[in-house]
């Protein structure tokens, strides 16, 4: 066995043991661990910023893009946000032990379905050091042990933040191994994690398409993830013009780099020279490059779309635009080019909205609302470790509750089966 | 691409298409398809029994064991049970479209979490031809297309039963490809199914440890299954003697060949020469071979247990027996030797029962009730396609509801994110 394989195996064993203890840890202890970690992060903000400086130096040497450098950077404001995030998760309801359903049987049995932790979660992420705190906190809240594998760029910052989580666990009398950070930059550690079915119950990759694609294709462990957020907004014939203008602009431009940003606008044929022209003018005025299909190319500012522009995740001030004959053509387009993440319809017609909701199977479908709401915080889940587009177990925003499993607790009175 | 690979790909493509239609099929159409299939099975019972005769001939040639031959055999009584099963699933509530949760957000958004089908289910089973009807019906109820791969022994019987399901679908105006039976005995078809991530969302293996183990280790598609049912019964110091005697005997002897049968009895040390001796005497009197640890070997009828008897799934009139000092030792034993399926505690002490429930993470935990209740029908789920011990998505009995996923339906009023 290679040195890295041995290291990861040891980490896995410790995580499994910690998970066993954590599964029956009192809610109060977990809350205290998170509150104490928040205190520690704030108290040590100087050291964290210093460590982050070393990461930034390393990033500059490696020639990271300005966007990557921005994701990596921590200042007092961002550290305050990390502290707030930890306190928010601390304040959430504890999902473990919640009775999801209960019922009686004619045999006299009483059956309860009760939430339990999943066990051990593996998180593989790129440059954002705050994921160390966010992901660690959500996993802990759900009673899971977690193995964090941060990007090599954020190595020092993540190590400092992780030390604060460890301090929180110690203060609360919980096993420190509940939150482990892989202590090496060696990429072989990622390969090991993906195959550790014995020690890891689910992997959550956080990062770009390259990372997520690698994890999805190589992992033997189940994965909660989305590869891309190719979100569509369909403006129906029965759309309210004011709502449509507000939603389309927000869906594309509020933030262009997040997975809930709209990447394709579908316009009902009857609207092309009316509301459609207006929506495109709004986007162009906001600095968006509109790549339109042939029927839209007579409109001012529209650039001809190529075939590759549909099904593309731009994550930028670019949007593809297509004309459709009706909601069914919009549905067919989304089925063909979408990524099962989030799609919105603008319509005042209930039957049309119902059809859009029934015939599409994306994780999130919106009516008269911006795709940018695709977010655990906005859903009221407190926080999220990511957004999943798979059909199994967790879908949409993945918060603490989605990081749980369940078991059945059955009580009888000497009850035997006939 | 091999001929089998091409065949399976074509089946997969048709299943995907049928799944799309089925996802929005009206509940009434699915109910009608199942009722009509039940009618067809009863009307064609002569042909089914004839086809089964050919399978029995084949089984005799192959030298199948008496137990296997019994599982394979269909007579009018068993066909009546298949018909009843189809009607019971037809009468169940339709899970698709059910609102699992809904809430409002301060932003004005209304969020609903709604059940959807999983998509395409693959079922790989051995000799029991009734699985064709049971599994097909549950998948259809949940709006899934299903690809059935029966055992080569039950080929003719399954083909006849499948024809009845197809007739039901036709009668109801639903796509016949919603329920497909792999039309070859070639084992390569199983290998293809396990890798068809593009076309199959989940595989359910039904059969012995050999089949389930193969599927679990080879599948790239998610699997709902249990490898073994090594169920434990712990008789605590505070057990009620009458309840304990009834439950222990039932848990072991009601049926020994099912996954919920008890395989190991754990007795509190204080009880060895009192209730413990009585429980063992009951088992011995019922013809059970009791393989006991040293502290039990002075009791009449007890055979010395070997190390390999703990963690063993006998599926026979055999039980391992061990003495433990307290509930914690029982928990430790089960953690070490159990298979996360079903365990029972006999106790009148609430704190002890709570500890057993909290510190074990088997899919099903029972108090003062027989492990033989580990069954979808007994849980009130109408039926089950199997019992799962994984932590992801489905756990315990897998009925129609467990064969679904969900999506979020979000409505606003021109709502944009700040």
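Chains as they are written, first to last, in our numbering: chain A, 68 to 485; chain B, 68 to 485.
From the three backbone atoms N, C-alpha and C, an ideal C-beta is built for every residue, glycine too.
Note that the structure is predicted; figures quoted are calculated from it, not measured.
query	result
From which residue to which residue does the alpha helix (DSSP H) around residue 305/A run?	Where residue 305/A is concerned, there is no enclosing alpha helix (DSSP H), given that its DSSP letter is neither H nor E.
Quick one: residues in its chain with C-beta nearer than 6 Å to the C-beta of residue 433/A, no 5 flanking neighbours on either side, listed in chain order?	411
Contact between the stretch 443-458 of chain A and the stretch 282-293 of chain A is defined here as three or more beta-carbon pairs at a separation below 8 Å; is this criterion met?	yes
Residues of chain A with CB closer than 9 Å to the CB of residue 435/B, please, in chain order.	478, 479, 480, 481, 482
For residue 262/B, decide whether its Cβ has a neighbour in chain A, counting only Cβ atoms nearer than 8 Å.	no
Please confirm whether residue 300/B has its beta-carbon closer than 8 Å to some beta-carbon of chain A.	no
Can you name, in chain order, every residue of its own chain whose Cβ lies under 7 Å from the Cβ of residue 92/A, other than the five neighbours on each side?	210, 241
Cβ closer than 8 Å: which chain B residues qualify as neighbours of residue 313/A?	481, 483
Let me know if residue 171/B comes out buried or exposed under the rule of 16 or more other beta-carbons within 10 Å of its beta-carbon.	exposed
Out of 324/A, 310/A, 377/A, 327/A, state which residue places its alpha-carbon closest to the alpha-carbon of residue 346/A.	310/A
Determine, using beta carbons only, whether residue 400/B comes closer than 8 Å to chain A.	no
Alpha helix (DSSP H) containing residue 432/A: first to last residue?	Not the alpha helix (DSSP H): residue 432/A falls in the beta strand (DSSP E), residues 431-436.
Check each residue of the stretch 282-308 of chain B: if its Cβ is closer than 8 Å to any Cβ of chain A, include it; give the result in chain order.	289, 307
Spatial neighbours of residue 452/B within its chain, please: C-beta separation below 6 Å, excluding the five flanking residues on both sides.	202, 205, 271, 465
For chain A, find out if any of its Cβ atoms is closer than 8 Å to the Cβ of residue 428/B; answer yes or no.	yes
Considering residue 211/A, what are the terminal residues of the alpha helix (DSSP H) in which it resides?	Neither: residue 211/A is in no alpha helix (DSSP H) and is coded neither H nor E.
In angstroms with no decimal places, state the Cα-to-Cα distance between residue 338/A and residue 480/B.	20 Å
Is the Cβ-Cβ distance between residue 372/B and residue 301/B less than 8 Å?	no
How would you label residue 162/A, buried or exposed, when you count the other beta carbons within 10 angstroms and need 16 or more for buried?	buried
Starting from residue 451/A, find everything on chain B with Cβ-Cβ shorter than 9 Å and list it in chain order.	Here the premise fails: no neighbours, minimum Cβ distance about 13 Å.
In terms of residues, what are the limits of the alpha helix (DSSP H) holding residue 152/B?	143-158
Can you list, in chain order, the residues of its chain with a C-beta nearer than 7 Å to that of residue 344/B? Leave out the 5 residues immediately preceding and following it.	366
Whether or not the stretch 141-150 of chain A and the stretch 108-116 of chain A are in contact is what I'm after, with contact meaning three or more pairs of Cβ atoms, one per stretch, closer than 8 Å; do they touch?	yes
Kindly provide the ranges of any beta strand (DSSP E) runs that are 3 or more residues long and lie completely inside the stretch 331-384 of chain A, ordered along the chain.	356-359, 369-371
Please report how far the alpha carbon of residue 69/B lies from the alpha carbon of residue 265/A, in whole angstroms.	34 Å
So with CB distances below 7 Å, who are the chain B contacts of residue 183/A?	428
For residue 170/B, return the contacting residues in chain A, with the cut-off set at a CB-CB distance below 8 Å.	447
Three Cβ pairs or more, each shorter than 8 Å: is that satisfied between the stretch 380-393 of chain A and the stretch 330-337 of chain A?	yes
Pull up the distance between the alpha-carbon of residue 384/A and that of residue 280/A, whole angstroms please.	24 Å
Which of the three DSSP states, helix, strand or coil, is assigned to residue 80/A?	helix
Expressed to the nearest angstrom, what Euclidean distance is found between the alpha-carbon atoms of residue 131/A and residue 252/A?	17 Å
With distances taken from CA atoms, which of 190/B, 405/B, 72/B is nearest residue 326/B?	405/B
Examine chain A for any beta-carbon lying closer than 8 Å to the beta-carbon of residue 345/B, and answer yes or no.	no
Comparing alpha-carbon positions, which option in 105/A, 357/A, 214/A, 285/A lies nearest residue 235/A?	105/A
Any idea what DSSP makes of residue 278/B, helix, strand or coil?	helix
Is it the case that the Cβ atoms of residue 199/A and residue 225/A are separated by a distance below 8 Å?	yes
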